[in-house]
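Asker:
Residue numbers (the working numbering): 1 to 777.
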């Protein structure tokens with residue numbers, strides 16, 4: 001009898017375990033179209049039209065269609081370049097604000113049929129559609145609601161008889177459409193059929209968005225609709241291409257004015273950067289950013305498209321934060337992407353493809369602290385290793401902070417961690433941490449928030465370990481994790497020897513730096529003014545010297561607070577690290593001193609060492625501690641050596657990095673996207689991304705060499721002072737070395753009338769070297 005009872009009890013246990021239902025969905029959920037969009041990850045927004053020929057970003061609406069004649073237009077070249085870059089779709093700007101339609105529409109005479117392109121028989125939309133079909137790419141459309149050409153704009157008839165009919169033509173002739181793109185262009189000055197006036201509309205009601213959205217819902221039911229208020233995909237709130245470090249797929253749009261209905265162009269768009277944990281709707285973010293500085297082609301911007309490093313950085317800040325990346329492409333007047341743009345896209349695509357080709361976690365032994373109902377087949381951790389985004393590891397309802405250990409069986413090297421949730425069940429996980437087994441114990445290497453459809457954690461340097469542990473530290477409900485990957489980002493290898501050809505291209509390698517003077521105790525802080533004059537400090541002697549463009553060396557100022565690093569601001573003031581007083585000074589041309597900074601939260605700075613000033617006037621500053629014999633104090637007031645940011649006009653700096661042992665040299669890129677900082681104590685140089693608020697993210701090891709001052713040339717090469725001058729290309733490859741006959745090279749900058757002379761402060765000497773490239777400071 002006991003055996004029978006036990007047998008039936010066992011059967012009941014098995015039945016309960018393997019009939020355990022799936023977790024209940026949590027919060028708002030994605031539609032089929034939104035899932036398709038999430039899997040797309042990257043697509044390109046293509047701006048091409050009259051503005052391409054007028055060198056404008058926004059046409060007025062009076063442009064003659066006769067100017068539009070791209071005699072070499074090749075949709076296959078444009079779409080093929082996007083595909084080579086790893087992008088899975090395009091969004092065609094079918095009509096921009098100037099009102100010119102790239103298809104033969106019946107709604108307006110201002111269209112391609114009135115242009116000389118293919119004798120008025122051209123159809124750019126159809127050519128893109130055909131190219132997408134051939135290349136297996138998705139296609140979306142954007143038709144600007146604002147029309148500066150139409151005489152009807154501002155009247156109800158424009159919306160009903162022009163705009164909505166244009167949408168109907170696009171959806172009926174050029175589908176299937178994966179995304180219909182809307183924005184907040186809401187009127188202003190324009191041609192308006194010859195009226196040439198300013199027209200304003202009620203941003204909340206004019207376009208009747210709900211009725212307008214009903215058109216794609218009916219005609220392209222699987223397409224997502226993008227806009228400031230969604231309703232399927234939201235604008236991230238910036239055109240810099242990045243989502244918030246925390247980025248929720250859930251969102252509730254709010255109008256700027258209380259009680260009003262939010263709409264495109266009429267929201268608190270800054271809320272789109274992070275979304276809302278308690279958002280009412282599933283509206284994930286799209287991150288849009290132009291490839292070149294402008295959305296349309298401008299010849300002056302040739303060669304200025306983002307390189308693979310910049311694109312990869314944007315990928316981690318968008319796709320890696322659960323959003324999609326929408327990169328703007330700019331065909332030229334011939335109707336082609338420039339060769340340089342095509343090459344950069346291909347380089348980025350190869351880097352991306354090679355990085356994620358091998359999941360180093362596959363083959364690992366997985367040990368989960370909990371599996372839902374004990375059902376390893378349906379809910380086990382092994383589901384993390386397949387290629388299905390919707391099979392998943394789930395826990396019992398009461399288990400919201402589980403752990404997972406991956407035994408890799410041998411040491412493996414990685415620097416990228418990928419996590420994904422099964423978002424068909426909602427966004428459930430708030431935060432995670434990742435540990436590795438090192439020196440006989442677990443050590444945390446990373447943490448992240450808002451996992452969602454995709455979370456990429458890019459580590460600042462490679463990690464080598466045989467075991468990895470994932471800890472879910474906070475979740476709203478039981479987890480449903482679908483992916484856990486470890487990847488080794490493909491970077492250019494560090495060559496054993498300098499690239500002689502690259503070095504020769506930078507300067508005449510038969511030449512050596514020319515000594516200008518050796519009358520100093522210790523030179524530091526080289527910086528250049530707008531005219532090309534170079535200023536530098538003789539720190540022990542408490543002086544600042546000037547080397548003018550006409551070759552004259554003069555002592556410019558005495559009693560300089562024993563200034564160290566220096567940099568000129570936009571107003572022409574020399575900002576200096578006044579080491580004697582642990583302050584930042586601004587010195588005007590008449591040598592009047594203004595104290596910019598004295599302390600951090602009431603405590604004396606260690607000793608500001610080097611600075612870089614961004615385009616907004618904010619000051620980035622390293623603050624290491626070097627005991628000086630002219631200080632009364634014998635130890636630091638602060639508990640660390642850090643990097644700070646002082647916004648323009650502020651008296652209190654913001655701590656932006658505390659991870660370096662002893663930060664020293666510092667410089668930023670001219671576009672304000674990246675900051676380089678040397679860690680002189682750890683013999684490393686790091687590259688950071690600069691966020692919109694001035695703070696830093698995505699710390700990456702740039703090269704295994706510390707040093708003192710750093711500067712950049714127009715090609716993005718980095719010059720590092722220390723043992724002479726070492727030159728690195730933008731990928732972190734060592735491409736050259738300039739020997740300097742001194743014990744230590746402290747700082748450097750480009751100067752001279754053409755900014756093509758490298759000036760070097762080195763111990764007791766001051767040197768110069770003619771270059772074949774120019775500086776960018």
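C-beta atoms are modelled at their ideal positions from N, C-alpha and C, and glycine is treated no differently.
Note that this is a predicted model, so its numbers are computed, not measured.
Residue range of the beta strand (DSSP E) that residue 751 falls in?
Answerer: Here residue 751 is taken as the residue at index 751 of the chain shown, counted from 1. Run containing residue 751: 747 to 751, per the beta strand (DSSP E) assignment.
Asker: Put residue 776 into one of helix, strand or coil per three-state DSSP.
Answerer: Residue numbering aside, residue 776 sits at position 776 when the chain shown is read from its first letter. Coil.
Asker: Where do the N-terminal and C-terminal ends of the alpha helix (DSSP H) with residue 318 fall, by residue?
Answerer: Walking along the chain shown from the start, residue 318 turns up at place 318. 308 to 318 is the extent of the alpha helix (DSSP H) around residue 318.
Asker: Leaving out five residues on either side along the sequence, give the residues of the same chain with a beta carbon under 7 Å from the beta carbon of residue 292.
Answerer: Your numbering for residue 292 matches position 292 in the chain shown. 301, 304, 305, 330, listed in sequence order.
Asker: For residue 715 and residue 736, I'd like the C-alpha separation in whole angstroms.
Answerer: Taking the chain shown and counting its residues from 1, one reaches residue 715 at position 715. Taking the chain shown and counting its residues from 1, one reaches residue 736 at position 736. Distance between the alpha carbons of residue 715 and residue 736: 14 Å.
Asker: Give a yes or no on contact between the region 751 to 770 and the region 526 to 535, applying the rule of three or more CB pairs nearer than 8 Å.
Answerer: Yes: at least three Cβ pairs fall under 8 Å.
Asker: Cα-Cα, which of 139, 239, 70, 124 is closest to residue 692?
Answerer: Residue 692 sits at position 692 when you count from the first residue of the chain shown. Looking at the Cα atoms, 239 is the closest of the given residues.
Asker: Could you tell me which of 664, 597, 335 sits nearest to residue 623, measuring between CA atoms?
Answerer: Along the chain shown, one-based indexing puts residue 623 at 623. Among 664, 597, 335, the Cα nearest to that of residue 623 belongs to 664.
Asker: Using DSSP's beta-bridge definition, name the partner residues of residue 674.
Answerer: Residue numbering aside, residue 674 sits at position 674 when the chain shown is read from its first letter. Partner(s): 689.
Asker: With residue 41 as the anchor, note down where its alpha helix (DSSP H) starts and where it stops.
Answerer: Indexing the chain shown from 1 puts residue 41 at position 41. Residue 41 -> no alpha helix (DSSP H), and no H or E assigned at all.
Asker: Answer yes or no: do residue 30 and residue 282 have a C-beta to C-beta separation smaller than 8 Å?
Answerer: Here residue 30 refers to the residue found at position 30 when the chain shown is read from its first residue. Here residue 282 refers to the residue found at position 282 when the chain shown is read from its first residue. It is a contact, given that the beta carbons lie within the stated cut-off.
Asker: If you draw a straight line from the alpha carbon of residue 565 to that of residue 455, how long is it in whole angstroms?
Answerer: By 1-based counting over the chain shown, the position of residue 565 is 565. By 1-based counting over the chain shown, the position of residue 455 is 455. Going from the Cα of residue 565 to the Cα of residue 455 covers about 39 Å.
Asker: Within a Cβ cutoff of 7 Å, which residues of the same chain sit near residue 701, ignoring the five residues on either side of it in sequence?
Answerer: Here residue 701 is taken as the residue at index 701 of the chain shown, counted from 1. Excluding positions up to five away in sequence, the list reads 460, 461, 684, 686.
Asker: Going by C-alpha to C-alpha distance, which of 519, 514, 76 sits closest to residue 337?
Answerer: Indexing the chain shown from 1 puts residue 337 at position 337. The residue with the shortest Cα to Cα distance from residue 337 is 76.
Asker: Can the beta-carbon of residue 73 be found less than 8 Å from the beta-carbon of residue 49?
Answerer: Indexing the chain shown from 1 puts residue 73 at position 73. Indexing the chain shown from 1 puts residue 49 at position 49. Taking 8 Å as the Cβ cut-off, residue 73 and residue 49 do not qualify as a contacting pair.
Asker: Determine the contact status of residue 526 and residue 273, defining contact as a CB-CB distance below 8 Å.
Answerer: On the chain shown, position 526 is the one that residue 526 refers to. On the chain shown, position 273 is the one that residue 273 refers to. No, Cβ-Cβ distance for residue 526 and residue 273 is not below 8 Å.
Asker: Quick check: the Cα distance between residue 101 and residue 416, rounded to an integer number of angstroms?
Answerer: Residue 101 sits at position 101 when you count from the first residue of the chain shown. Residue 416 sits at position 416 when you count from the first residue of the chain shown. Going by the C-alpha atoms only, they are around 43 Å apart.
Asker: Can you grab the Cα-Cα spacing for the pair residue 718 / residue 158, in whole Å?
Answerer: By one-based count along the chain shown, residue 718 stands at place 718. By one-based count along the chain shown, residue 158 stands at place 158. Each residue's alpha carbon lies about 54 Å from the other.
Asker: Cα separation between residue 142 and residue 328?
Answerer: On the chain shown, position 142 is the one that residue 142 refers to. On the chain shown, position 328 is the one that residue 328 refers to. Answer to the nearest angstrom: the Cα atoms are 12 Å apart.
Asker: Mind pulling the beta strand (DSSP E) runs of 3 or more residues that sit fully within the region 19 to 82?
Answerer: Listed in chain order, they are 42 to 46.
Asker: Quick check: the Cα distance between residue 119 and residue 348, rounded to an integer number of angstroms?
Answerer: Residue mapping note: residue 119 aligns to position 119 of the chain shown, counting from 1. Residue mapping note: residue 348 aligns to position 348 of the chain shown, counting from 1. Answer to the nearest angstrom: the Cα atoms are 38 Å apart.
Asker: Would you report the Cα separation of residue 767 and residue 406, rounded to the nearest angstrom?
Answerer: Locating residue 767 in the chain shown gives position 767, counting from the first residue. Locating residue 406 in the chain shown gives position 406, counting from the first residue. For residue 767 and residue 406, the distance between alpha carbons rounds to 55 Å.
Asker: Compute the beta-carbon to beta-carbon distance between residue 323 and residue 285, rounded to the nearest angstrom, for a pair I have assumed lies under 8 Å.
Answerer: Taking the chain shown and counting its residues from 1, one reaches residue 323 at position 323. Taking the chain shown and counting its residues from 1, one reaches residue 285 at position 285. With a Cβ gap of about 4 Å, residue 323 and residue 285 count as contacting.
Asker: State buried or exposed for residue 741, treating a residue as buried only when at least 16 other CB atoms are found within 10 Å of its CB.
Answerer: In the chain shown, the residue the question calls residue 741 occupies position 741. The residue is exposed, with fewer than 16 neighbouring Cβ atoms inside 10 Å.
Asker: Decide if residue 112 is buried, meaning its Cβ has at least 16 other Cβ atoms within 10 Å, or exposed.
Answerer: On the chain shown, position 112 is the one that residue 112 refers to. Buried, because 16 or more other Cβ atoms sit within 10 Å of the Cβ of residue 112.
Asker: Please report the Cβ distance between residue 263 and residue 209, rounded to the nearest whole angstrom; I am assuming they are in contact, meaning their Cβ atoms lie under 8 Å.
Answerer: Position 263 of the chain shown, counted from the first residue, corresponds to residue 263. Position 209 of the chain shown, counted from the first residue, corresponds to residue 209. That pair is a contact at about 6 Å.
Asker: With DSSP as the reference, label residue 237 as helix, strand or coil.
Answerer: To locate residue 237, count along the chain shown from 1; it is residue 237. Coil.
Asker: In angstroms with no decimal places, state the Cα-to-Cα distance between residue 782 and residue 103.
Answerer: Look at the range of the chain in this structure, 1 to 777, and you will see that residue 782 is not part of it.
Asker: Is the beta carbon of residue 475 closer than 8 Å to that of residue 400?
Answerer: Stepping through the chain shown from its first residue, residue 400 is reached at position 400. Stepping through the chain shown from its first residue, residue 475 is reached at position 475. Taking 8 Å as the Cβ cut-off, residue 400 and residue 475 qualify as a contacting pair.
Asker: Would you call residue 218 buried or exposed, if buried means 16 or more other Cβ atoms sit within 10 Å of its Cβ?
Answerer: Counted from its first residue, the chain shown places residue 218 at position 218. Flag for residue 218 reads exposed.
Asker: At what residues does the beta strand (DSSP E) containing residue 288 begin and finish?
Answerer: For the purposes of this step, residue 288 is identified with residue 288 of the chain shown, where counting begins at 1. Note, residue 288: beta strand (DSSP E), 285 to 290.
Asker: What does DSSP give as the partner residue(s) for residue 487 in the beta ladder?
Answerer: In the chain shown, the residue the question calls residue 487 occupies position 487. According to DSSP, which records beta bridges pairwise, residue 487 is partnered with 416.
Asker: Looking only at its chain, what residues have a beta carbon closer than 6 Å to the beta carbon of residue 422, apart from the 5 residues adjacent to it on each side?
Answerer: Counting from 1 along the chain shown, the entry for residue 422 is found at position 422. Answer for residue 422: 390, 392, 480, 482, listed in chain order.
Asker: Residue range of the beta strand (DSSP E) that residue 523 falls in?
Answerer: On the chain shown, position 523 is the one that residue 523 refers to. From DSSP, the beta strand (DSSP E) with residue 523 extends over 523 to 528.
Asker: Give me the Cβ distance between residue 60 and residue 148, rounded to the nearest whole Å; I'm assuming they're in contact under 8 Å.
Answerer: Counting from 1 along the chain shown, the entry for residue 60 is found at position 60. Counting from 1 along the chain shown, the entry for residue 148 is found at position 148. Indeed they touch by this definition, with Cβ atoms about 6 Å apart.
Asker: Please report how far the alpha carbon of residue 228 lies from the alpha carbon of residue 548, in whole angstroms.
Answerer: Taking the first residue of the chain shown as 1, we reach residue 228 at position 228. Taking the first residue of the chain shown as 1, we reach residue 548 at position 548. In a straight line, the C-alpha of residue 228 is about 52 Å away from that of residue 548.
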